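Encoded as structure tokens, the structure appears first; notes follow it.
Protein chains: 2
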Amino acid sequence: MPMSFFTEQAVTAADKTFFQLRRDIVEGVIAPGAKLSETELSTKYEVSRALIREAINRLEACHIVERKANVGARVVALTPQGMIGLYQVREALEGMAARLAAKHMTDAEIADLNALLNLHYQEVSHDESYYQEAGDVDFHYRIIVGSKNRHLIAMLSDGIYHLVRMYRVQLGMAGPRVTTAFNEHRHIVQAISNRDEELAELLMRRHILYSRNSIEHKLANPSHPLTDKRETA
Amino acid sequence: MPMSFFTEQAVTAADKTFFQLRRDIVEGVIAPGAKLSETELSTKYEVSRALIREAINRLEACHIVERKANVGARVVALTPQGMIGLYQVREALEGMAARLAAKHMTDAEIADLNALLNLHYQEVSHDESYYQEAGDVDFHYRIIVGSKNRHLIAMLSDGIYHLVRMYRVQLGMAGPRVTTAFNEHRHIVQAISNRDEELAELLMRRHILYSRNSIEHKLANPSHPLTDKRETA
DNA sequence: CCTGACTATATTGTCGACACTTTGGTTGGC
DNA sequence: GCCAACCAAAGTGTCGACAATATAGTCAGG
């Protein structure tokens, strides 16, 4: 039962360049707001400028960089309102994903999801504190895929997800212990298991809304970022 | 009070190529499922292959074409389930847009929206039958912009909209007379005017759902496509 | 006659060079 | 001393050519 997630594998050199550049931006190696000089990156990554250029084009499509014609590209700035907007989109899309998952997931997939949840429960209850970003992402990703909606899947995993991760990493909200979020996950799976589309969507939307509120609160009071109780979604 | 929509203007030659190629695909000049040979298009459009290549990359980001490495790109196929999936995404995103518009649109913007609606009403009541795709798109676009959410706006107007238009054009559902949809538009604006976020979202979602149902029905019974009463959203 | 490997061709992937635009600084005039 | 026009440097936009890969057709072997 692997993460089944980073299935996107680079076949061409342009792919590799794109993935590496995206990782370096998301991880903060290249700072938000930084200018992306094609010539400079070309020498730094030891590839032709054309590949850098294509990578930047793809990053622009993901809204990770912004480009102005004849001027250049910059990494997007991370603003609180940008984060809020991102979570509003997530609320809409993942809410719909949960609704569709309740309709279209197979019983086997739901069983797998329950198994995953039990795994997470062990980690949470034993306080092994290993329930963190990876597990949370895995959970959400399965529901997204469970929607069986190509557009939804593409938008979230190609576009939104990396931006969310960028915010998490750079605002220092990764790798937390979560207890309340886990219960919310349980209830969502329960609704999906009951094929209750309406409830599944409602609960997913709440779940993401709560996360957003938590993050907003944390941004407003950046007092004890390591002791907070919930921030993943 | 212009359409304010096709504000995206080509500054570079790559932009022009991209716009033209996209238009030719959306309008059906290039058929769904057709292969996009870079060399062939290069001679046909009289630009370098690099520009064609960049245009195809952008079209891939919009999900208008699909590309396989070392093989080539094809225009996406138009399937009923693809259309349904598209409208599910619209329902989620535009529902959220209506909710946010109820919160963030200025009174002036709402007044403008009402004026637009009155304009449409005249056209509908006089049976000048000019209330068609353009007006409908304008209405939806204003609400999307009214959400003031960058991600939402970008996703819908750069990505979803052109796909929807492609379906409309190619399945022969463009340019119809609409009466019931107009009333739905009225109610949505009323909710936004009352700053009723919940209702605005609900009504928008219903509006899009109805449209989807109408189109599904039409796809199942392609009997009198020119006399149908509603198909825009 | 069928199957499998090989070759030839066409198409995509990648690259380095040239052309154009922007930008910041400099010079000349008022 | 200030403003405008000009100039130079750096960076992006565009192009044609070369390299690598897939596809289809051919030929040899069974």
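The listed protein sequences correspond, in order, to chains A and B. Here our numbering is used: the first residue of the first sequence is 69, the next is one more, and so on. Here our numbering is used: the first residue of the second sequence is 69, the next is one more, and so on. Even glycine gets a Cβ: it sits at the ideal position worked out from N, Cα and C. Note that the structure is predicted; figures quoted are calculated from it, not measured.
query                                                                                                                                                                                    : result
On the three-pair Cβ rule with 8 Å, is the segment 93-110 of chain B touching the segment 138-145 of chain B?                                                                            : yes
So is residue 143 of chain A in contact with chain B if we call contact Cβ pairs under 9 Å?                                                                                              : no
Ignore the nearest five residues each way along the sequence and tell me which others in residue 252 of chain B's own chain have a CB closer than 8 Å to its CB.                         : 271, 274, 275, 278
Where does residue 329 of chain B fall in DSSP's three states?                                                                                                                           : No information on residue 329 of chain B is available, as it lies outside the stretch 69 to 301 that chain B covers here.
Any beta carbon of chain A sitting closer than 9 Å to that of residue 115 of chain B?                                                                                                    : no
According to the Cβ coordinates, are residue 168 of chain B and residue 265 of chain B closer than 9 Å?                                                                                  : yes
Relative to the alpha-carbon of residue 217 of chain A, which residue among A/237, A/161, A/260 has its alpha-carbon at the smallest distance?                                           : A/161
Does the beta-carbon of residue 85 of chain A have 16 or more other beta-carbons within 10 angstroms, so that it is buried, or is it exposed?                                            : buried
Enumerate in chain order the residues of its own chain whose CB-to-CB distance from residue 269 of chain B is below 7 Å, with the five nearest sequence positions on each side excluded. : 163, 164, 166, 167
Kindly provide the ranges of any alpha helix (DSSP H) runs that are 4 or more residues long and lie completely inside the segment 129-186 of chain B, ordered along the chain.           : 148-172
At a CB-CB cut-off below 8 Å, which residues of chain A make contact with residue 263 of chain B?                                                                                        : The contacting residues do not exist; residue 263 of chain B stays about 17 Å from chain A at best.
According to DSSP, simplified to helix, strand and coil, what is residue 112 of chain A?                                                                                                 : helix
Please identify the residue among B/229, B/206, B/180 whose C-alpha is closest to the C-alpha of residue 154 of chain B.                                                                 : B/229
Determine whether the Cβ of residue 160 of chain A lies closer than 9 Å to any Cβ atom of chain B.                                                                                       : yes
In terms of residue numbering, what span does the alpha helix (DSSP H) encompassing residue 263 of chain B cover?                                                                        : Looking at the DSSP string, residue 263 of chain B is not in any alpha helix (DSSP H), and its letter there is neither H nor E.
Less than 9 Å between CB atoms is the rule here; does residue 122 of chain B satisfy it with respect to chain A?                                                                         : yes
For residue 82 of chain A, which residues of its own chain have a beta-carbon under 6 Å away from its beta-carbon, when the five flanking residues on both sides are left out?           : 119, 122
DSSP has residue 103 of chain A in a bridge; who is on the other side?                                                                                                                   : A/142
So is residue 91 of chain A buried or exposed if we call it buried at 16+ other beta carbons inside 10 Å?                                                                                : exposed
Could you tell me whether any Cβ in chain B is nearer than 9 Å to the Cβ of residue 297 of chain A?                                                                                      : In this prediction, residue 297 of chain A has a pLDDT of 44, which is less than 50 and means its spatial position is unreliable; what the coordinates show is noted afterwards. No, because no Cβ of chain B sits closer than 9 Å to the Cβ of residue 297 of chain A.
What three-state label does DSSP hand residue 77 of chain B in the structure shown?                                                                                                      : coil
Give the straight-line distance between the Cα atoms of residue 149 of chain A and residue 109 of chain B, rounded to the nearest whole angstrom.                                        : 42 Å
Work out the CA separation of residue 221 of chain A and residue 256 of chain A for me, nearest whole Å.                                                                                 : 18 Å
On the DSSP letters alone, give me the boundaries of the alpha helix (DSSP H) that residue 221 of chain A sits inside.                                                                   : 218-222
For residue 303 of chain A, which option in A/94, A/87, A/78, A/89 has the closest C-alpha, if you only look at C-alpha atoms?                                                           : Lying before the first or after the last residue shown, residue 303 of chain A is absent from chain A, which here runs from 69 to 301.
Here's the rule: buried if 16 or more other CB atoms are within 10 angstroms of the residue's CB, otherwise exposed. What is residue 295 of chain A?                                     : Because residue 295 of chain A sits at a pLDDT of 40, beneath the cut-off of 50, its placement in the model cannot be relied upon, and the point is left open.
Quick check: is the beta carbon of residue 219 of chain A nearer than 9 Å to any beta carbon in chain B?                                                                                 : yes
Check the Cβ of residue 80 of chain A against every Cβ in chain B and list those closer than 9 Å, keeping chain order.                                                                   : 137, 138
Examine chain B for any beta-carbon lying closer than 9 Å to the beta-carbon of residue 206 of chain A, and answer yes or no.                                                            : no
Less than 9 Å between CB atoms is the rule here; does residue 69 of chain A satisfy it with respect to chain B?                                                                          : Note that residue 69 of chain A has pLDDT 46, beneath the 50 cutoff, so the model's placement of it is unreliable and no number is given.
For residue 259 of chain B, which residues in chain A fall below 9 Å Cβ to Cβ?                                                                                                           : Per Cβ cutoff of 9 Å: no residues; residue 259 of chain B is ~17 Å from chain A at best.
Cα separation between residue 131 of chain A and residue 112 of chain B?                                                                                                                 : 31 Å
Within 10 Å of its beta-carbon, does residue 116 of chain B have 16 or more other beta-carbons around it, so buried, or fewer, so exposed?                                               : exposed
How should residue 227 of chain A be labelled, buried or exposed, when 16 other C-beta atoms within 10 angstroms of its C-beta is the threshold for buried?                              : buried
Take residue 282 of chain B as the anchor and find which of B/96, B/88, B/151 has the nearest alpha-carbon.                                                                              : B/151
Measure the alpha-carbon distance for residue 233 of chain A versus residue 213 of chain A and round it to whole angstroms.                                                              : 18 Å
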